Amino acid sequence: MIGFGPTNATVFFSFYMYLVLLNSCATGLGYMVSCMVRRADIAPVIGIVIILPLVLFGGLFLNASNTPDYFIWLEYISPLKYAYRGLSRAFWNSVDTIPCDSNRCIATSGAQVLSNMSLDDASFTIDAIVLVAINLGFRLVGLFFSRACLY
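Here you go:
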């Protein structure tokens, strides 16, 4: 199944779950931004201003252990962090050994890869729950702004 091995359906369905949750968060973010602004030509600008810090501190470009203390809050509200961490752990926890000698490779197992990327600190369930909570948060903020525009 798409490179996860012939018998590892758990990894595939974990990937699928995290991608659905991340897509739902992105939809909620779109709802929030569209409810925050009154003009359609301003919405892409506001969306980019909101999305860019979430992408930068999501864990792919900046290792979680290297995030400055004054930006750590951006890391915690980024849905990309939780999806990236869940996807990485779903795959790398299924890799027992990496066929490479220790002179050429820093990590020789999936657990070492996760440790090097600082992605080994929470569980699958917590990441999924946080993604659902962020999704609901985006939608509730959008609901608040849509109600505020009525009055």
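In UniProt numbering, the protein residues as written are 1 to 151.
Note that the Cβ used here is the ideal one computed from N, Cα and C, for glycine as well.
Since we're looking at a predicted model, the values are computed, not measured.
Status (buried if at least 16 other CB within 10 Å, exposed otherwise) for residue i
i    : result
P79  : buried
N23  : exposed
N135 : buried
D127 : buried
L60  : exposed
T97  : exposed
F71  : exposed
R147 : exposed
Local conformation of residue i per DSSP, three classes
i           : result
C100        : coil
V27         : The identity of residue 27 in the sequence shown is Thr, whereas the question assumes Val. If DSSP states are grouped into helix, strand and coil, T27 belongs with the helices.
A83         : helix
I106        : coil
P44         : helix
residue 152 : Residue 152 lies beyond the stretch modelled for the chain, which goes from 1 to 151, so this question has no answer here.
V130        : helix
R39         : coil
Y95         : Correcting the residue identity first, residue 95 is Val in this sequence and not Tyr. DSSP places V95 in coil when its eight states are reduced to three.
Contact with chain D by residue i, beta-carbon distance below 8 Å
i   : result
D69 : In summary, chain D is missing from the structure at hand, where a single protein chain is found.
Beta-carbon gap between residue i and residue j smaller than 8 Å
i    : j    : result
C25  : F144 : no
I50  : L29  : yes
A83  : Y18  : yes
G110 : V132 : no
Residues of its chain near residue i, where Cβ-Cβ distance is below 7 Å and the 5 sequence neighbours each way are ignored
i   : result
V33 : A43, I46, G47, I50
Close Cβ partners of residue i (< 6 Å) along its chain, the five nearest in sequence each way excluded
i    : result
Q112 : none
Next item on the list: Indicate whether the contact test is met: 3 or more Cβ pairs, each with one atom in the stretch 96-106 and one in the stretch 36-44, closer than 8 Å.
Entry: No, the stretch 96-106 is not in contact with the stretch 36-44.
Checklist line | the stretch 109-129 in contact with the stretch 85-101 per 3-pair CB rule at 8 Å | finding: Between the stretch 109-129 and the stretch 85-101, the count of Cβ pairs shorter than 8 Å is three or higher; the stretches touch.
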